[in-house]
Amino acid sequence: MHSTDAEDGVEFLEARFQGRAYHKHRHDTYAICLTIAGVQGFSYRGASEVSLPGQVVVLHPDEEHDGYAGTEEGFGYRILYLDPALIFEAVQTVCGCACPLPFVRTPVVMNQHINQHLSAAIMGAFHDTRESLAIDSLMVHVAEGLIEADPCCKQASLPRHLDVAAVKRAQQFLDTQRTRVVRSAELEAVTGLTRYDLARQFRLLHGTSPYRYLLMRRLDFAREQLAQHRSLAEVAIEAGFADQAHFSRMFKATYGMTPARYSTLHTYV
């Protein structure tokens with residue numbers, strides 16, 4: 014696996030696997046994946062799916078899935094992990110109205126036009142620079158493809174009471190607390206919203222809960238430490254987990270592999 018750290022709301026990853034790649038797990042981001050070699054199999058929303066070279070897979074935030082090779086030859090792919098808040102903003106701009114996050118109901122994109130659109134966005138992203146303006150263009154490009162794949166987002170409007178500024182404060186606060194557990198009362202004080210209203214509004218903008226969002230930030234911190242070949246016990250404590258066993262369970266549930274295997278396979282570029 015070769016990847017970049019998440020920057021400007023985007024993480025780039027390119028990988029090749031044989032056999033079982035990932036056990037069941039979920040992300041708090043959109044995962045937009047282009048199969049570039051072999052047969053990629055995965056389970057998603059109660060069904061078994063297959064993606065062939067040239068096909069795009071779209072996974073919605075917080076949806077459980079796994080990954081495995083459909084043949085003995087293995088498979089390779091390029092994938093973008095995209096911050097749902099940035100997709101949300103781009104979608105509002107493209108649609109010209111307030112609408113929810115797009116949901117693509119068939120994860121393997123079968124519409125040839127939409128597949129080509131998203132495929133071009135992925136390939137362009139891997140060939141372009143990672144500068145801020147390039148990321149802005151990428152977000153718009155992807156948003157256009159997602160809107161076309163889910164035309165319902167043009168028709169459905171958001172609830173009236175959506176405090177975007179308060180949710181943004183919650184996100185920024187959680188981004189700074191990557192090494193500890195945060196209490197509900199802290200977010201209530203930061204946002205002025207009740208914990209239940211915040212949970213509802215946060216999911217509308219980010220596609221996941223405040224708890225899951227913070228957990229992913231803590232695990233992002235842990236991944237950075239693993240890349241420096243820190244011991245699992247040290248990383249577990251510094252990321253705010255009770256012990257190494259708890260850290261390993263949460264890491265595997267999130268990324269579909271143990272932290273030890275992740276450290277062995279992973280390089281940053």
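Residue numbers (our numbering): 14 to 282.
Just so you know, even glycine gets a beta-carbon here, dropped at the ideal spot from N, CA and C.
Please read all numbers here as calculations on a predicted model, not as lab measurements.
{"Asked": "If contacts are defined as beta-carbon pairs under 8 Å, then glycine 269 and threonine 192 qualify, I think. What distance do you get, rounded to the angstrom?", "Found": "So it is not a contact: roughly 23 Å between Cβ atoms."}
{"Asked": "For phenylalanine 30, which residues does DSSP report across the bridge?", "Found": "Phe88"}
{"Asked": "Just how far apart, CA to CA, sit lysine 181 and threonine 204?", "Found": "9 Å"}
{"Asked": "Classify glycine 51 as helix, strand or coil using the three-state DSSP reduction.", "Found": "strand"}
{"Asked": "Using a threshold of 8 Å, state whether the C-beta atoms of leucine 227 and glutamine 185 are closer than that.", "Found": "no"}
{"Asked": "Alpha carbon to alpha carbon, what distance is there between threonine 106 and glycine 32?", "Found": "41 Å"}
{"Asked": "Mind listing, in chain order, the continuous alpha helix (DSSP H) runs of no fewer than 4 residues lying wholly within the segment 138-204?", "Found": "145-162, 165-168, 177-188, 197-204"}
{"Asked": "Aspartate 233 lies in the alpha helix (DSSP H); which residues open and close that run?", "Found": "223-240"}
{"Asked": "Within its chain, find whatever has a CB closer than 7 Å to the CB of aspartate 21; leave out the 5 residues flanking it on each side and keep chain order.", "Found": "Ser145, Ile148"}
{"Asked": "Secondary structure at cysteine 46, three-state DSSP: helix, strand or coil?", "Found": "strand"}
{"Asked": "Roughly how many angstroms lie between the CA atoms of threonine 207 and glycine 220, to the nearest whole one?", "Found": "19 Å"}
{"Asked": "Would you mind stating whether valine 177 and leucine 218 have Cβ atoms separated by less than 8 Å?", "Found": "yes"}
{"Asked": "Would DSSP call phenylalanine 60 helix, strand or coil?", "Found": "The identity of residue 60 in the sequence shown is alanine, whereas the question assumes phenylalanine. Alanine 60: strand per DSSP, three-state reduction."}
{"Asked": "Return helix, strand or coil for alanine 252, following the three-state DSSP convention.", "Found": "coil"}
{"Asked": "With the cut-off set at 8 Å, would you say proline 97 and proline 120 are in Cβ contact?", "Found": "no"}
{"Asked": "Within 10 Å of its beta-carbon, does valine 71 have 16 or more other beta-carbons around it, so buried, or fewer, so exposed?", "Found": "buried"}
{"Asked": "Note the first and the last residue of the continuous alpha helix (DSSP H) segment covering valine 285.", "Found": "Because the chain is modelled from 14 through 282, residue 285 falls outside the range shown and cannot be assessed."}
{"Asked": "Buried or exposed for alanine 255, going by 16 or more other Cβ atoms inside 10 Å?", "Found": "exposed"}
{"Asked": "Taking the straight line between their C-alpha atoms, what separation do you get for valine 282 and histidine 174?", "Found": "Confidence is the limiting factor: at valine 282 the pLDDT is only 47, short of 50, which leaves the residue's position unreliable and the question unanswerable from this model."}
{"Asked": "So leucine 278 is in the alpha helix (DSSP H); what residue range does that whole segment cover?", "Found": "272-278"}
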